[in-house]
Amino acid sequence: MTGLPGRLDLDAADVTPDVPVAELTTTTRRAETRAVMAVVAELRAHGVPVRDIVVVARDLERYEEPLTRAAVRYGITPVFWTQIDLVTSRPYRLVIALCELIAASNPARDVLFRPLELGWVPQDSGDEWPVPAETVVELYHETPCGSRSVEAWQSLLQDAAWADPRIIEFVEWVVTSPNPSPETVADVLGGVVASYRESVLPQQQATDSPALLETETAARAVVRMETLVEQVESKYAQRVADGWSDESWVTVAGICESLATQRPGRREHANALALDILEANDIWARKIPFVIAVGLVDGEWPRQRGSVVPAEFQHAILAGNGPAKRLSPQTAWMDGRDHDHFLDTVQAATTGLIVTRHSHDAERNRQFRSPLLDSLDVEPISTAARRRLLSTERALPDVIRSMLPGEASASMGVMPDD
Numbered sequence: 236m237t238g239l240p241g242r243l244d245l246d247a248a249d250v251t252p253d254v255p256v257a258e259l260t261t262t263t264r265r266a267e268t269r270a271v272m273a274v275v276a277e278l279r280a281h282g283v284p285v286r287d288i289v290v291v292a293r294d295l296e297r298y299e300e301p302l303t304r305a306a307v308r309y310g311i312t313p314v315f316w317t318q319i320d321l322v323t324s325r326p327y328r329l330v331i332a333l334c335e336l337i338a339a340s341n342p343a344r345d346v347l348f349r350p351l352e353l354g355w356v357p358q359d360s361g362d363e364w365p366v367p368a369e370t371v372v373e374l375y376h377e378t379p380c381g382s383r384s385v386e387a388w389q390s391l392l393q394d395a396a397w398a399d400p401r402i403i404e405f406v407e408w409v410v411t412s413p414n415p416s417p418e419t420v421a422d423v424l425g426g427v428v429a430s431y432r433e434s435v436l437p438q439q440q441a442t443d444s445p446a447l448l449e450t451e452t453a454a455r456a457v458v459r460m461e462t463l464v465e466q467v468e469s470k471y472a473q474r475v476a477d478g479w480s481d482e483s484w485v486t487v488a489g490i491c492e493s494l495a496t497q498r499p500g501r502r503e504h505a506n507a508l509a510l511d512i513l514e515a516n517d518i519w520a521r522k523i524p525f526v527i528a529v530g531l532v533d534g535e536w537p538r539q540r541g542s543v544v545p546a547e548f549q550h551a552i553l554a555g556n557g558p559a560k561r562l563s564p565q566t567a568w569m570d571g572r573d574h575d576h577f578l579d580t581v582q583a584a585t586t587g588l589i590v591t592r593h594s595h596d597a598e599r600n601r602q603f604r605s606p607l608l609d610s611l612d613v614e615p616i617s618t619a620a621r622r623r624l625l626s627t628e629r630a631l632p633d634v635i636r637s638m639l640p641g642e643a644s645a646s647m648g649v650m651p652d653d
């Protein structure tokens, strides 16, 4: 592992990029993300392919929502290379709801209707599927409360004049579901996921925003669920064969939960027509012409460890300026992995590197410049240039424009931004 930044044994040569570096500072995080997408839009307008641009954040949790809003504003489709939270996705919740329903001896009304709410459709379904949400709500309120066997629910619904044929078909499917042998589990769950892909995803795409963010998330969840079903089949068969578990849908649901909460060692999705937005631990060994690193704020990148020393005093000690230079910094203030990921980010850029930060948080507290930037020879973008970038006449700041192929020599005699 490389050393820690600043006065914590940083070898400045390790982070000296071979490309020009521009630093863009804004007041707030939202302003920062808007400026980032304005840069992307202008690079695209100057002929840079979207695949030659990447946005990198130390932690996307704080940046995904504002970056998404800014991307939509500039007509950019972003792809966030993050590990999807599978347990909150509709395909996963649908599979778990079905396991719970089939396993229940006397399911309640809520348990009966939950798979329909989550988009269950039969295999080889027609245009009438999935059941619209408002129809599911109406049927739910028409159905009596209480708990009863699935067969009793089936009889009740078949005799009800108000019952929709689709809910009757669904209950019949539950009644005829096979026992959960290792051979049948994959068929049942795999069929549910495949039907979701074929019938639900197209409808979701038709009603999604132009950026198709919800559709993309659902598609990633479906891909993960297809893999999860294969893993469940294998682990379930092994447990049953070894006598560790009985054959039950409760066990199947438990294995699903165990696998879904594991963090995979890879990212699941790429879109050749969209802007890649990565977490810093995914940039290693990549080479991209234009890299935009966001959130270079002390306490975020690098992340600040717990300490009784105020952030302002830590920053002064790390910078080594004034009387504070006589004091020794604590290694706990700096995460070595953050430095490694920053080094990977710097080395990924083959044409130009743009680093961004914001000066105040949502509560208007001052945010300090990341000490990781202290070892870089950066050219700051002026306030006037930033305003022109965000104006209706949008113009790239000179330092970024000079990174474009053929622009470096042309800009030699041009006055820099004010």
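For the sequence shown, the numbering used here assigns the number 236 to the initial residue and increments by one for each residue that follows. Heads up, the beta-carbon is just placed ideally off N, CA and C, and yes, glycines get one too.
Contact check between the stretch 264-276 and the stretch 304-322: three or more CB pairs, one atom from each, fall below 8 angstroms, which counts as touching. Beyond the five residues adjoining it in sequence on each side, tryptophan 484 comes within less than 7 angstroms, by CB distance, of Cys334, Ile337, Ala338, Pro415 in the same chain, given in chain order.
Secondary structure at alanine 292: strand, using DSSP grouped into helix, strand and coil. Per DSSP, the beta-bridge partners of aspartate 511 are Val289, Val314. Membership of phenylalanine 525 in any alpha helix (DSSP H) is not indicated; the residue belongs instead to the beta strand (DSSP E) covering 523-529.
Residue environment analysis places tryptophan 519 among the exposed positions, since fewer than 16 neighbouring C-beta atoms fall within 10 angstroms of its C-beta. In the DSSP assignment, glycine 489 falls within the alpha helix (DSSP H) that extends over 484-495. In the DSSP annotation of this structure, glutamate 598 is not part of any alpha helix (DSSP H), being labelled neither H nor E. When Thr262, Val254, Asp253 are compared, the shortest CA-CA separation from threonine 618 is found for Thr262. One thing to note: glutamate 628 has its Cβ no nearer than 8 angstroms to the Cβ of alanine 257. Looking at the DSSP output, arginine 265 bridges to nothing.
DSSP lists Thr591 as the beta-bridge partner residues of leucine 259.
According to the DSSP assignment, histidine 281 belongs to no alpha helix (DSSP H), since it is labelled neither H nor E. Out of Thr450, Leu436, Arg349, Ala441, the CA that lies nearest to the CA of valine 409 is found in Arg349. One Cα belongs to arginine 623, the other to proline 632, and the distance between them is close to 8 angstroms. Assignment of threonine 580 by DSSP, reduced to helix, strand and coil, places it in the helix class. Residue range 368-377 is occupied by the alpha helix (DSSP H) that includes threonine 370. Taking all protein chains shown into account, arginine 459 has 16 or more neighbouring C-beta atoms within 10 Å of its C-beta and is therefore buried. The three-state reading of DSSP puts arginine 622 in helix, counting H, G and I together. Short of 8 angstroms from the beta carbon of valine 457, and not among the five residues preceding or following it, lie these beta carbons of its own chain, in chain order: Pro326, Val428, Tyr431, Arg432, Leu436. Segment contact: the stretch 391-411 against the stretch 368-382, three or more CB-CB distances shorter than 8 angstroms; contact assigned.
Counting every other CB atom within 10 Å of its CB across the protein chains shown gives proline 284 a total below 16, marking it as exposed.
Here serine 434 is buried: its Cβ has 16 or more other Cβ atoms, across all protein chains shown, within 10 Å. Bounds of the alpha helix (DSSP H) holding glutamate 407 are 400-410.
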